[in-house]
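Chains as they are written, first to last, in the working numbering: chain A, 1 to 351; chain B, 1001 to 1351; chain C, 2001 to 2351; chain D, 3001 to 3351.
Here the structure comes first, spelled out in structure tokens, and everything after it is commentary.
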């Protein structure tokens, strides 16, 4: 499976990832509005207080929210907060925590990941069951958490029922449930549900809530949904170097996105642009592509189409199809425009 | 020595720290200007390229700069990059790395700190010499780096000669030299020298370059001055969860501050406001205060003055003087105004 | 795949593992002989000096040997000594380091393991090649070492050529090569070669040399074969809590085993007993079993045979065969006797 | 303060430390007696069961005992078992955990130590109180355990009342209490009390129980006195690489020492030899020496006496007296003989 490398500095990055987009104007406005006078640092500010209120409204009165800088930070803070020193986390082999965080979970969290093969990036309840055999076996890292990505690294989406099934099995065996929600907005928009519907309502204990890929400058949050399964989140955020001094500006970004319907509008736009992109690509001769679930499109393209695209665009060869053709990954964001799609299609079609 | 606690949410935070200030308008403008179109993530963007050029101009053609999110991140990335698994870092007992980073150096960097008592927060060459007795002793953590804070946590400043003396002793014994430059701007402004004059020019190998306390939203950088003593900084930044996806916005902040004379203007203002604050405080009956070296003022005040101030302001009792009176810490920033000082003095004087 | 659990305290443990055996009389004699007068601790003793000489004779004049307490300790010290902070180690998914060390590599060594599926516990050169795609990719843990187990956890043996092929690919890509030689003696005896023939002579850089399973009380060693690829082994052993104060008694055990032909005699005996056990089991109706390569026998047995054996013996159900029958793991040691085999066969046959 | 270095391989090591002694004959006999037949590994053996019974008799019915390989292992396992990820341990600046464990607590346990200056190696209740100011302060490592060494690295002994006072203050503030009992036998013998009298009876929660320095080959134990303050000791021992496969031989050593009065006889002998050594040294002209509390003697000697001793013996210069004379550290063990003392005195006296 292909790895994202940023070598082609002269290539158009527009479809390389959803993090190539800039800052949503509404979010930047919110940062500016928060920029007046002095404010207590480290979260004792008005915006952070308001964000905490939002989190309780969305995820339940017991919820706690801890803004952090980036997604890896959110994941590793959250997993440390649900795992004792001897704990391990079950994840998909395709998970970002497993492949793309420089081994931060292992190095900084001193935890073992227990990756499970999966064709579509999704775990199933059986994945948990099959790891439970070592419970109580002192020689093995103890599976005490499961982490699922919503939407997944492969552009798939768990239904609320699927999350609930995983959570039920996990809880029955004493495991905590974490969602890597780096793209939770895209999933919720695709499912036409709230952020809580696919997390708190399904038994999720702790959540990495992503904002950067959906229009923020740099802001994510750890949301503790179930404080009874979580310990020391505030201390862990601090020593994990994810506590911002001027936290008001992180909270302002998160509020602008989640305290309004902006998250939904942005995610819906990104998903729709991906649907449009897939539809247009399907009309290019030789291209096969499934309708995307969220904002990632994985077209199987003839080699010459791949070459045309990759001569102009940074576009990752994600896989090779059964018939030997390259499968690209193209991503849309809140900022993707129809004109950008037009240009990509023209390049792909060689017109 | 007093600890900063943020309990008084109804108190005026204006002098509690230099991180209570917001974002410098010039820096926020720069973020806005960087917010156009798509850009490659993780540093492969135009602003980051330009920042790298600036770093080479300032710190030498071999210099490398790695933007990070916060000061703890910068320090722990930098120290990991100069220490092998068995290394330890000599620091002042008053150092931020020792007291205020939640043990991130120990927990995430797996390093031991070797704190040295110091009355003014400054190390001397003898502090290094006295730790060298364990070199080669397999039972002891090996002192392989020294970290000094410029300006220090106690508001003092190393002269270039003092840094150079430390670096000479350190290098002669095989240790790398790190500067925690969270407030390097204030020190350089006070010394009337460039950022490099008190770091690269004095033999410093690696540097945490602070911007947040001098007007940024959230941006610091690790500057590798001497790549021969540093290994793996890019990998270490990544797994230390300090690599921003939309790095252009961190680089834009750093460029706005350091690529112009803004850092100098802001730091000079903060230092001058502190000098003014000290001068005005000295006129309050019973108050004793030394002229500040940079932007921190440590007045010894009668108990009733402390009570008046602390009934209205978040102001940390930093210490108790020899005569039993409270010593407060008051800090000025790039945003401190004369009116704010007037108000504080009126409260202090009980007028 | 079955996990070894020690719940049946009333069951006969004789075939449960090779670590159920006691201490070889020759080794215990050597401990007694070393027990006279005072000796410098931590390796500055006569036995340790003699052991170092042996290591140089066996593995080359540049070799260094570091006695440790147990196999996990040897592996985690060795891997830390060849990996920088950002390094990862490629291993078989069946490897002891991956499954049976309580995640010590991740927790204490802060390293990621990159497990590769394998049917027989053996890595192939392609396993390395396929992990190299992330070299230089800052988001991924960097594969900088490969660890192979000789003989493997599945009772298979690498030929010297197989090790050499792996080492060649690894070295060409800049990776260090580690052998987990917890049962190296059994492999060397089976291959009819020296300990170095299948390690140092094949390009192995560092080695965990096992003695406990071959008759020692508690003694293993890290052997640095190629000091140019290894750093800080002495400091790493110390902080990894594997430096014995009365090291003379560890060195005495290792010398008694490896400084004579005792390792070969013991390992040959264990291997031969396993061959005999397999031959005898094959005569029990319904049992299928391959001739063992070393001292582990994996018979596929009818369910009633498994029940008879497991009613009397601690015998791990290792797997289920394609035809649905249990596959047991039975191990022989230097101390296994023909009478013990007779008794086991009688139980298995229900006679 | 002097550091123990083992460079003089041609010097007599007899008084360099109590770990220069060999194995007590009774303990070696016990190892031999345990060496019959097969036994389940990892603690499911008869000797380990018997050891657990002894621990309950000595330390209370709730006690648990976990044999480990060495003292650093015992300390770091114990401290991990009482500290969450964000915890720190208060210790004497002279503590073995702080100076002589290669930073294993920080590197492997990810904990910060909070060292307190102390003239005699002993903590006082005020040492705890003074560290409590940061409780709840998210920027500081949280003091959640205190560790005291009994007898101390400076040869002093806590009275049971002193331990109790520390434990009371610690418990009132929510801290767990650990004793590094590497030389607990010497302290208990000197105090004429049981092992529990100065630990469990004083509120100690967890204990490193030393045997190696008092005659074992290599055996220590973590004793959990109060399971309510301890979590995961078995998993932590495993991933800390301190779980022996042939544990019966560690348990046999511990039983031989502690299950009889051997610990008391050996420790009393060592203490008496130290008293004799001090008395004899006092008769050497110019030598000043306090009566030792346990088995360590710290004579202040004229320079020429030091030179005579150190030309023949490995004897550490521990300190320099107020009058500028060297202070040596000389240690006696269970194996020290009167003849050895005669020889040392003859050398010291130059006769």
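All C-beta atoms, glycine included, are put in the ideal place defined by N, C-alpha and C.
Three-state secondary structure (DSSP) at residue 338 (chain A)?
-> helix
Environment of residue 2358 (chain C) [buried if 16+ CB atoms lie within 10 Å] = In this structure chain C extends from 2001 to 2351, so residue 2358 (chain C) is not present and cannot be described.
Which residues bound the beta strand (DSSP E) around residue 1319 (chain B)?
-> In the DSSP assignment, residue 1319 (chain B) falls within the unbroken beta strand (DSSP E) covering 1316-1320.
For residue 114 (chain A), the three-state DSSP class (helix, strand or coil) = strand
If you count every other CB in all the chains shown that lies within 10 Å of the CB of residue 130 (chain A), and 16 or more means buried, which is it?
-> exposed
State buried or exposed for residue 2105 (chain C), treating a residue as buried only when at least 16 other CB atoms are found within 10 Å of its CB.
-> Residue burial is scored here from C-beta neighbours: residue 2105 (chain C) has at least 16 other C-beta atoms within 10 angstroms and is therefore classed as buried.
Select from C:2302, C:2204 and C:2024 the residue whose C-alpha is nearest the C-alpha of residue 2282 (chain C).
-> C:2302
Taking all protein chains shown into account, do 16 or more other C-beta atoms lie within 10 angstroms of the C-beta of residue 1139 (chain B), making it buried, or fewer, making it exposed?
-> buried
Inter-residue CB distance, residue 1062 (chain B) and residue 1227 (chain B) (contact presumed, cutoff 8 Å) | In this structure, residue 1062 (chain B) and residue 1227 (chain B) form a Cβ contact; the two beta carbons are roughly 6 Å apart against a cut-off of 8 Å.
Could you please give me the residues that DSSP links to residue 3149 (chain D) through a beta bridge?
-> D:3180
Check residue 2344 (chain C) in the structure and name its three-state DSSP category.
-> Of the three classes helix, strand and coil, the one that applies to residue 2344 (chain C) here is helix, per DSSP.
Look up residue 2088 (chain C) in the DSSP assignment and give the residues it is bridged to.
-> C:2112 and C:2143
Span of the alpha helix (DSSP H) holding residue 1291 (chain B)?
-> No alpha helix (DSSP H) contains residue 1291 (chain B), which DSSP labels as neither H nor E.
For residue 205 (chain A), three-class secondary structure by DSSP | coil
Could you work out which residue in A:305, A:236, A:345 and A:180 is closest to residue 96 (chain A) when comparing CA atoms only?
-> A:180
Hey, which unbroken runs of the beta strand (DSSP E) at 3 residues or more fall wholly within the segment 1045-1106 of chain B?
-> 1064-1068 and 1087-1092
Give the secondary structure of residue 1042 (chain B) by DSSP, where H, G and I count as helix, E and B as strand, and everything else as coil.
-> coil
Interface flag, residue 2413 (chain C) vs chain A, CB-CB below 8 Å = No information on residue 2413 (chain C) is available, as it lies outside the stretch 2001 to 2351 that chain C covers here.
Residues of its chain near residue 3326 (chain D), where Cβ-Cβ distance is below 7 Å and the 5 sequence neighbours each way are ignored = 3301, 3303, 3306, 3317 and 3320
Is residue 210 (chain A) helix, strand or coil when you go by DSSP?
-> strand
Please say whether residue 3218 (chain D) and residue 2246 (chain C) have beta carbons closer to each other than 8 Å?
-> yes
Is there contact here, the segment 3039-3048 of chain D with the segment 3143-3155 of chain D, by at least three beta-carbon pairs under 8 Å?
-> In short, these stretches do not touch, since the Cβ pair count stays below three.
Below 7 Å CB to CB, which residues in the same chain sit around residue 1229 (chain B) once its five sequence neighbours on both sides are set aside?
-> 1082, 1176 and 1205.
For residue 242 (chain A), return the contacting residues in chain B, with the cut-off set at a CB-CB distance below 7 Å.
-> 1241
Compute the Euclidean distance between the alpha carbons of residue 1252 (chain B) and residue 1292 (chain B), then round it to the nearest angstrom.
-> 31 Å
Selection of the segment 3225-3259 of chain D by Cβ proximity to chain G, strictly under 9 Å = As a matter of chain content, chain G is missing from the structure shown, whose protein chains are A, B, C and D.
Expected contact under 8 Å - CB spacing of residue 2296 (chain C) and residue 2155 (chain C) to nearest Å = 3 Å
With 8 Å as the threshold, decide whether the Cβ of residue 3151 (chain D) is near any Cβ in chain C.
-> no
Which listed residue (C:2159, C:2237 and C:2333) has its alpha carbon closest to that of residue 2213 (chain C) | C:2333
Close beta carbons around residue 1017 (chain B), own chain, < 6 Å, minus the five adjacent residues each side | 1331
Residue range of the unbroken alpha helix (DSSP H) whose run includes residue 2195 (chain C) | It is not in any alpha helix (DSSP H) - residue 2195 (chain C) carries neither H nor E in the DSSP assignment.
Simplified DSSP state of residue 2261 (chain C), which is helix, strand or coil | Residue 2261 (chain C) falls in the coil class under three-state DSSP.
Which class does residue 250 (chain A) belong to by DSSP, given the choice of helix, strand or coil?
-> helix
Residues in its own chain within less than 6 Å of residue 1121 (chain B) by CB, not counting five upstream and five downstream?
-> If the five residues before and after residue 1121 (chain B) are omitted, its C-beta is found closer than 6 Å to the C-beta atoms of 1092, 1094, 1152, 1153, 1154 and 1156, all from its own chain and listed in chain order.
Give a yes or no on whether the minimum CB-CB distance between residue 3097 (chain D) and chain A is below 8 Å.
-> no
Name the chain A residues that come within less than 7 Å of residue 3142 (chain D), Cβ to Cβ?
-> Chain A residues near residue 3142 (chain D): 235.
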